[in-house]
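Trainee: In this text, residue positions in the sequence shown follow this note's numbering: the first is 201, and each later residue adds one.
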Amino acid sequence: MTTNFSAAELLRLVIAVPGVRGIEPGLGSTLKVIGSRMMQARFGVIVESGSSQATIEVGIDGSRPVKDIVRDIQETVIRSLSQSQQHDEEHSNSKTLESISSDDDNTPQVRVRVQSLL
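1. May I ask you to report which of helix, strand or coil DSSP gives G228?
2. Of the choices L317, K267, R311 and L318, whose alpha-carbon is the least far from that of Q253?
3. Quick one: give me the first and last residue of the alpha helix (DSSP H) that A207 is part of.
4. If you drop the 5 nearest sequence neighbours on each side, which residues of the same chain put their C-beta closer than 6 angstroms to that of L281?
5. On the three-pair Cβ rule with 8 angstroms, is the stretch 261 to 269 touching the stretch 226 to 233?
6. With DSSP as the reference, identify every bridge partner of E275, one or two as the case may be.
7. Kindly indicate which three-state DSSP category S316 falls into: helix, strand or coil?
8. Does the separation of the CB atoms of R313 and G259 fall below 7 angstroms?
9. Could you give the first and the last residue of the continuous beta strand (DSSP E) run that contains G259?
10. Since E224 and E257 should fall inside the 8 angstroms C-beta cutoff, what is the C-beta to C-beta distance between them, to a whole number of angstroms?
11. Skipping 5 residues on each side, what residues in its chain have a beta carbon closer than 6 angstroms to that of L297?
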């Protein structure tokens, strides 16, 4: 992950997805945020330090099918984290553009937890 991409920015992107009512943190993520091993965290939005994993906890409305909302959240977060990660790696000159596009280990993984459905 990147230090330039904050959990607050990620939060704004997630709540802009149609069908998302808001971020709703669960007990498990709240305890993780309190711990110091998180790189970027806000209650309900966690980007794990040292890995390409993010957990997003949301409340959704019934305006669209749940699977469509979850898919859109995952695509939005993956796209944003990938662009940010690529930008950081280009500036650090640690990889070429060819190795960035072919490196599947750095593809972000996004877990979406639906906390409530109204």
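Glycine residues also receive a C-beta, built at the ideal position from the N, C-alpha and C atoms.
Mentor: According to the data block:
1. As a first step, residue 228 is located in the sequence shown; it is residue number 28 there, counting from the start. The answer is helix: DSSP assigns G228 an H, G or I state.
2. Residue 253 sits at position 53 when you count from the first residue of the sequence shown. Minimum Cα distance to Q253 is reached at R311.
3. The count along the sequence shown starts at 1 and reaches residue 207 at position 7. Its alpha helix (DSSP H) spans residues A207 to I215.
4. Looking up residue 281 in the sequence shown gives position 81. Taken in chain order, the residues that qualify are P308.
5. Segment contact: the stretch 261 to 269 against the stretch 226 to 233, fewer than three CB-CB distances shorter than 8 angstroms; contact not assigned.
6. What you label residue 275 is simply residue 75 of the sequence shown in a count that begins at 1. Bridge partners of E275: none, in fact.
7. On the sequence shown, position 116 is the one that residue 316 refers to. It is a strand residue.
8. Taking the sequence shown and counting its residues from 1, one reaches residue 313 at position 113. Taking the sequence shown and counting its residues from 1, one reaches residue 259 at position 59. Contact: no.
9. Your numbering for residue 259 matches position 59 in the sequence shown. Per DSSP, G259 belongs to the beta strand (DSSP E) from Q253 to I260.
10. Translated into positions along the sequence shown, residue 224 becomes position 24. Translated into positions along the sequence shown, residue 257 becomes position 57. Taking 8 angstroms as the upper bound for CB-CB distance, E224 and E257 are in contact here, some 6 angstroms apart.
11. Locating residue 297 in the sequence shown gives position 97, counting from the first residue. A caution first: L297 carries a pLDDT of 47, below 50, which makes its placement in the model unreliable, though a value can still be read off. Result list for L297: empty, nothing under 6 angstroms.
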